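Some notes on the structure that comes next.
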Amino acid sequence: MSAQEIDRSVIVVPGGAKSLWQLKVSERQYLPLKSFKMPLSIKEMKQQATSLTWSSDSLPSIQAPPAQDMRSRDTAKVAFGEKYDNVLQLGVGNYGHTLLNFNASHSPQENKFIGFYLNHDANAQGPVQSTYSARSENQARLVSRYLGSVNFWEGSLSASRQVNHAYGLPEIPSFVKAADIRLNYSYFNVLGKVLSARKNAHSDYKLTLDAGLLQNPGGLSELIAKSHLFYSKDLSEKVKARLDADYIHGEYVSALGNKPLLRSFYRVNPSIAYASSRIRVNAGILVATEQEGKDVVAKTSIFPQFELDFGVSDFIHLFGGIGGDVQFNTLKSFLAENPWMAIPTRFTNTSQVGNLFGGIKGVGNKNVDFEIKYNYAEYADLPTFINSPSDASRFQILYIGGIQKIQVANIIGQVNVHVSNAFTSSLKVDHVRYSLLNTVFQASHKPGLTVSWTNTWKLSNKVFISPDVYWIKDLFALNPAQNQLIQLDDIVDLNFKINYFVKRNVNLGLSGNNLLGKTYQRFNQYQNQGRQVNLTLAYSF
40 MSAQEIDRSV
50 IVVPGGAKSL
60 WQLKVSERQY
70 LPLKSFKMPL
80 SIKEMKQQAT
90 SLTWSSDSLP
100 SIQAPPAQDM
110 RSRDTAKVAF
120 GEKYDNVLQL
130 GVGNYGHTLL
140 NFNASHSPQE
150 NKFIGFYLNH
160 DANAQGPVQS
170 TYSARSENQA
180 RLVSRYLGSV
190 NFWEGSLSAS
200 RQVNHAYGLP
210 EIPSFVKAAD
220 IRLNYSYFNV
230 LGKVLSARKN
240 AHSDYKLTLD
250 AGLLQNPGGL
260 SELIAKSHLF
270 YSKDLSEKVK
280 ARLDADYIHG
290 EYVSALGNKP
300 LLRSFYRVNP
310 SIAYASSRIR
320 VNAGILVATE
330 QEGKDVVAKT
340 SIFPQFELDF
350 GVSDFIHLFG
360 GIGGDVQFNT
370 LKSFLAENPW
380 MAIPTRFTNT
390 SQVGNLFGGI
400 KGVGNKNVDF
410 EIKYNYAEYA
420 DLPTFINSPS
430 DASRFQILYI
440 GGIQKIQVAN
450 IIGQVNVHVS
460 NAFTSSLKVD
470 HVRYSLLNTV
480 FQASHKPGLT
490 VSWTNTWKLS
500 NKVFISPDVY
510 WIKDLFALNP
520 AQNQLIQLDD
530 IVDLNFKINY
540 FVKRNVNLGL
550 SGNNLLGKTY
560 QRFNQYQNQG
570 RQVNLTLAYS
580 F
């Protein structure tokens, strides 16, 4: 397993613009391992090359075809798809929403690719003066890929800047300026990958190096350098040996002049995989070692790993397994969920000390697929967000579960329906329960029930509509001053989106988000805007 930074889920409107409220419908849930699948080809192996990860449980996103798919007249194919695949998207909306998204790529040869990506997205996020609730994100990324006879190489450089204002106050005093509550972070990233490109090889490998630097104007910095190695070897036609290994090095400085906090994390996961026509099994062991500071004794944890997938028929599968893991927590991963974080002084990794899961799924049918699964896990140091006692507009992490572990039970069901190419619909229900010593409790800012229903309907070759509904129930916040839970209102978010293809390379999109006009709070004291309307224009060339 590899440690992953948790990415926010957002509702995407046609043309690529995001909804003004960064709606995270399902908070980070520590889900069971994904069902194991034996790759049958090198292409599938590349897709499986990254080891099983802790998932952020993003909502299913079924969208109308993006602008890049409008170029039906082009036939020049290369190893990376269309030889030229460029798109410019512009968007505007109420609450001062502006959007610019630009993709440009060039393949001078069939096995070479260079691409440039630019994104700007800004709006007034909350129902207070726009100056005080403004947010923006800007990103630029340069990507290069090369496909050789032996290896596939990929490298990227990216820089981004995110600004959010801590507007979650009962009232903003007249002497407070927007700059006083501005949270400004910049992020620089270098990524490199090399993996095997040999066809019909009996072994495969992938090496990833990823270094990122997070900074703010106050002198805060977080350097996270990660490396991941994957290797597999065919022992026979049905048996593979696999190895996943990770090393993470972290240096965290909370303010200018402070000494850096050094962190290190190692993970090794050898396993054996077996696959027949009906049964797939993956069994192994995971060893994780973590250390914070030079003088702290390193902590090592060992977890068994076992997964079974049994095909009752070509459509119905039963699956289950056991496992455990350790998640390397970072400030960037917390900011991805909640941008109004107070500056932490320490970090604690989260241990999934035990995990048992099982379920049934239907796969392989062209018109419908489904999955129902139950997961029971126990955690030490499970992070939750609470309002800071010193500044209620900022959030800090409260870790729950020490000697007595937190028990988390999840029931998740999802069904996807496809009617030719004209209609797709996805319904997902996620119910979670937290308990300690057999006493059920509510974890701060982690909903007990989330439901999403997303749809796309092709009315004609030119018109697509996408009605979506999101529902969050049993959402609580913790008041640290009184040590009391506050129940937040249920969230019902209704959205409707329409895409109109003026030409095969011109796409006009109109979206309405939060059509019920509810100024709900996903995080305590942070109300979102009411009805939101966005208009986007995409041009592909």
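The numbering used here puts the first residue of the sequence shown at 40, with every later residue one more than the last. Glycine included, every Cβ here is placed at the ideal spot set by N, Cα and C. Computed from a predicted structure; not experimentally measured.
Selection from the options that minimises the alpha carbon distance to residue i
i	options	result
glycine 187	Asn150, Leu498 and Ala217	Asn150
serine 465	Lys501, Ala448 and Ser505	Ser505
glutamate 290	Asp529, Lys265, Arg281 and Lys272	Lys265
alanine 143	Val531, Ala312, Pro428 and Val182	Val182
alanine 327	Asp528, Asn308, Tyr413 and Ser550	Asn308
tyrosine 286	Ala461, Phe304 and Asn133	Phe304
leucine 583	Gly231, Ile411 and Asp513	The chain is shown only over 40 to 580; residue 583 falls outside these bounds and no answer can be derived.
tryptophan 192	Tyr156, Ala236 and Asp243	Ala236
valine 636	Asp513, Pro519, Gln366 and Asn522	For residue 636 there is no data in the structure shown, the boundaries of the chain being 40 and 580.
glutamine 453	Tyr438, Asp469, Val131 and Leu374	Asp469
glutamine 446	Phe480, Glu329, Ser199 and Asn518	Phe480
phenylalanine 269	Asp243, Val292 and Gly257	Asp243
leucine 488	Gly398, Arg433, Trp496 and Ile511	Ile511
glutamine 254	Gln391, Ser293 and Asn368	Ser293
valine 320	Gln344, Arg302 and Glu331	Gln344
Beta strand (DSSP E) segment containing residue i, residue limits
i	result
serine 429	Looking at the DSSP string, serine 429 is not in any beta strand (DSSP E), and its letter there is neither H nor E.
lysine 238	Counting along the chain, lysine 238 falls outside any beta strand (DSSP E), and DSSP gives it neither H nor E.
aspartate 273	260-273
arginine 306	300-314
threonine 339	338-350
glutamate 329	318-331
tyrosine 291	278-292
asparagine 142	136-145
serine 499	Element bounds for serine 499: n/a, residue is neither H nor E.
arginine 543	Here arginine 543 belongs to no beta strand (DSSP E), and DSSP marks it neither H nor E.
phenylalanine 214	Note, phenylalanine 214: premise wrong, no beta strand (DSSP E); not H, not E.
aspartate 364	355-366
histidine 457	445-458
Counted within 10 angstroms of its Cβ, other Cβ atoms place residue i as buried (16 or more) or exposed
i	result
valine 126	buried
valine 471	buried
arginine 306	buried
glutamine 560	buried
phenylalanine 580	exposed
glycine 363	buried
serine 172	buried
lysine 279	buried
lysine 238	exposed
serine 271	buried
For residue i, the first and last residue of its enclosing alpha helix (DSSP H)
i	result
alanine 375	370-376
threonine 170	169-172
Rounded C-alpha distance that separates residue i from residue j
i	j	result
serine 340	threonine 387	15 Å
glutamate 276	alanine 419	40 Å
phenylalanine 535	serine 225	33 Å
isoleucine 220	alanine 314	56 Å
methionine 109	valine 545	Since pLDDT at methionine 109 reaches only 30, below the 50 mark, its modelled position is unreliable, and no value is offered.
lysine 405	asparagine 449	28 Å
aspartate 558	leucine 527	The question names aspartate, yet the displayed sequence has threonine at residue 558. Cα-Cα distance, rounded: 12 Å.
asparagine 177	arginine 281	39 Å
arginine 139	tyrosine 565	In the sequence on display, residue 139 carries leucine and not arginine. C-alpha separation (whole angstroms): 26 Å.
proline 299	isoleucine 263	12 Å
isoleucine 355	isoleucine 451	17 Å
tyrosine 206	valine 167	8 Å
asparagine 563	alanine 516	6 Å
serine 474	isoleucine 525	18 Å
asparagine 190	leucine 248	16 Å
lysine 18	valine 335	Beyond the ends of the chain as shown, which are 40 and 580, falls residue 18; an answer cannot be given.
phenylalanine 358	aspartate 507	30 Å
isoleucine 324	asparagine 394	14 Å
glycine 440	asparagine 538	47 Å
arginine 543	tyrosine 185	30 Å
asparagine 500	serine 491	27 Å
asparagine 297	glutamine 571	43 Å
alanine 577	glutamine 435	40 Å
lysine 444	lysine 485	17 Å
beta-carbon residue i near the ligand NAP non-hydrogen atom, thresh 7 Å
i	result
alanine 250	Ligands in the displayed structure: none, and consequently the ligand NAP is not present.
Quiz prompt | Secondary structure, alpha helix (DSSP H): runs of 4+ residues fully inside the stretch 383-435 | solution = none
Quiz item: For the stretch 164-212, which segments carrying the alpha helix (DSSP H) assignment without a break, of at least 4 residues, lie completely within its bounds, in sequence order?
Solution: 169-172
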